[in-house]
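Q: According to this note's numbering, the stretch in the sequence shown is residues 914 to 1222, in order.
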Amino acid sequence: MSSGMLPENLVASKVTDIKGDGKCNLDQIGNELLEKMENIEAMSKRQRKKLMKQKQWEEQRNLRKQKRKEKRLKRKQERQSQLESSNDGSFRKRLRRDVVPSTLRLIIDCSFDNLMELKDVKKLHKQIQRCYAENRKALHPVQFYLTSHGGQLKDNMNETDKGWVNWKDIHIKSEHYSELMKKEDLVYLTSDSPEVLNELDESKAYVIGGLVDHNHHKGITYKRAQEEGISHAQLPLGIFVKMNSRKVLAVNHVFEIILAFLEKRDWEEAFFTVLPQRKGAKPLNETTEATMCKRQKSEMVQGEISDSE
């Protein structure tokens, strides 16, 4: 309809109005006609908009169909994933049934708090977190102790890891380890000791110095053990491993090596399972093909277990 033409019914109604009321003003009629013309124009815009939406709806029919198909496929994949997760859960349950806790006590001595800067205390905290996580999923978890817990370490744990108060299978004590264990049961693990630990005695309590000092306090753990009159020993690292860096290992590496040995009963396998590549760890002696194959299989199994978790 042209905007310049009036609908016949509209003109007729106005003519009727004029005939019925002679007092009706022509200007008033014109204004009313213009107002109704504007309303008609506005309605036609809405209609055009409605038609455009309907056209778009028709054009997007195939796209909506494709989206519905993708949604059904996604739900199917999610159901499959849930089924596989359920199977993995069953695998983990079977694995957990194979867990045999060790009677060996492994202690992180946190009495060096005042010798560390806050940044190093934070590193120690992360290493302790790693020890806790590894012990929780180990096949032969140890009796885990944190002793002399307090100071900067406790403050940092309260600030950044409040869940530590709910940790399971760990003994967190403010007391020194000498107050909790018999003196004859204690063995301090220190790389400065002249004694080499060839076998683990699961009736003992092995102490790891909770210190991140970048070699600023060399030999301090060995001196501590001598002062307290307790046994000491170093891991047999030098017998099996050639390293580019110094033999002093991080707290969590010592902890993980102990866990690995309890599972594998082989120091060489334990070292090469745990030691990071950046340490440049290599076999000290020529490794036989059989040993290499055994290690590779062990690493593959370990990787599969980690992936399933």
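Idealized CB from N, CA, C, for every residue including glycine.
(1) Could you compute how far the alpha carbon of Val1100 sits from the alpha carbon of Phe1025?
(2) Would the stretch 1108 to 1118 and the stretch 1031 to 1050 be scored as touching if the rule is three or more Cβ pairs under 8 angstroms?
(3) Distance check for Phe1153 and Phe1184, CA to CA, integer angstroms please.
(4) In the DSSP assignment, what residue or residues form a beta bridge with Thr1060?
(5) Taking the C-alpha atoms as reference points, what is the distance between Leu1175 and Lys987?
(6) What is the rounded straight-line gap between the Cα of Gln1042 and the Cα of Thr1134?
(7) Skipping 5 residues on each side, what residues in its chain have a beta carbon closer than 7 angstroms to that of Asn1165?
(8) Would you kindly check if the distance between the Cβ of His1062 and the Cβ of Ser1087 is under 7 angstroms?
(9) What residue from Asp1179, Glu971, Lys1035, Asp1022 has the CA that sits closest to Thr1060's CA?
(10) Enumerate in chain order the residues of its own chain whose CB-to-CB distance from Gly1142 is below 8 angstroms, with the five nearest sequence positions on each side excluded.
(11) Can you tell me whether Arg1018 is buried or exposed? The criterion is at least 16 other CB atoms within 10 Å of its CB, across all chains shown.
(12) In terms of alpha-carbon separation, which member of Arg961, Arg985, Trp1080, Met1070 lies closest to Ala1046?
(13) Nearest CA to the CA of Glu1092: which residue from Leu1162, Tyr1058, Arg974?
(14) Thinking C-beta only, is Thr1186 closer than 7 angstroms to His1145?
(15) Among the candidates Asp1098, Tyr1090, Gln990, whose CA atom is the shortest distance from the CA of Thr1016?
(16) Across which residues does DSSP place Leu1102 in a beta bridge pair?
(17) By Cβ distance below 6 angstroms, which residues in the same chain neighbour Ala1138 in space, the five residues on each side in sequence not counted?
(18) Below 7 angstroms CB to CB, which residues in the same chain sit around Leu1066 once its five sequence neighbours on both sides are set aside?
(19) Between Val1125, Glu1112, His1130, Asp1068, which has its C-alpha nearest Leu1148's C-alpha?
(20) Alpha carbons only, please: which of Pro1054, Ser994, Gln979, His1129 is nearest the one belonging to Asp1011?
(21) Please state the DSSP three-state secondary structure of Val1154.
(22) Would Gly1122 and Asp1105 qualify as a contact pair, given that the criterion is a beta-carbon distance under 7 angstroms?
A: Straight from the coordinates:
(1) Near 18 angstroms, if we compare the C-alpha coordinates of Phe1025 and Val1100.
(2) With the cut-off at 8 angstroms, the stretch 1108 to 1118 and the stretch 1031 to 1050 do not touch.
(3) The C-alpha of Phe1184 lies about 8 angstroms from the C-alpha of Phe1153.
(4) The bridge partners DSSP lists for Thr1060 are Asp1022.
(5) A straight line joining the alpha-carbon of Leu1175 with that of Lys987 spans about 44 angstroms.
(6) Spanning the two alpha carbons is a distance of roughly 22 angstroms.
(7) Its chain contains Gln1040, Arg1043, Cys1044 as the residues whose beta carbon lies nearer than 7 angstroms to that of Asn1165, once the 5 sequence neighbours on both sides are disregarded; these appear in chain order.
(8) Yes, they are a contact pair.
(9) The shortest C-alpha separation from Thr1060 is found at Asp1022.
(10) These residues qualify, in order along the chain: Lys1096.
(11) By the 10 Å Cβ count, Arg1018 comes out buried.
(12) Checking every option, the nearest Cα to that of Ala1046 belongs to Trp1080.
(13) The option with the nearest alpha carbon to Glu1092 is Tyr1058.
(14) Result no, Cβ atoms of His1145 and Thr1186 do not sit closer than 7 angstroms.
(15) Looking at the Cα atoms, Asp1098 is the closest of the given residues.
(16) Looking at the DSSP output, Leu1102 bridges to Ile1121, Ala1146.
(17) Excluding residues up to 5 positions away in sequence, Tyr1101, His1145 lie with their Cβ nearer than 6 angstroms to the Cβ of Ala1138 in the same chain.
(18) The answer, listed in chain order, is Cys1023, Asp1026, Val1034, Leu1037, His1038.
(19) Of the listed residues, the one whose Cα sits closest to Leu1148 is Glu1112.
(20) Of Pro1054, Ser994, Gln979, His1129, the smallest CA-CA separation from Asp1011 is found for Pro1054.
(21) Annotated three-state conformation of Val1154 is strand, per DSSP.
(22) Going by C-beta atoms, Gly1122 is not nearer than 7 angstroms to Asp1105.
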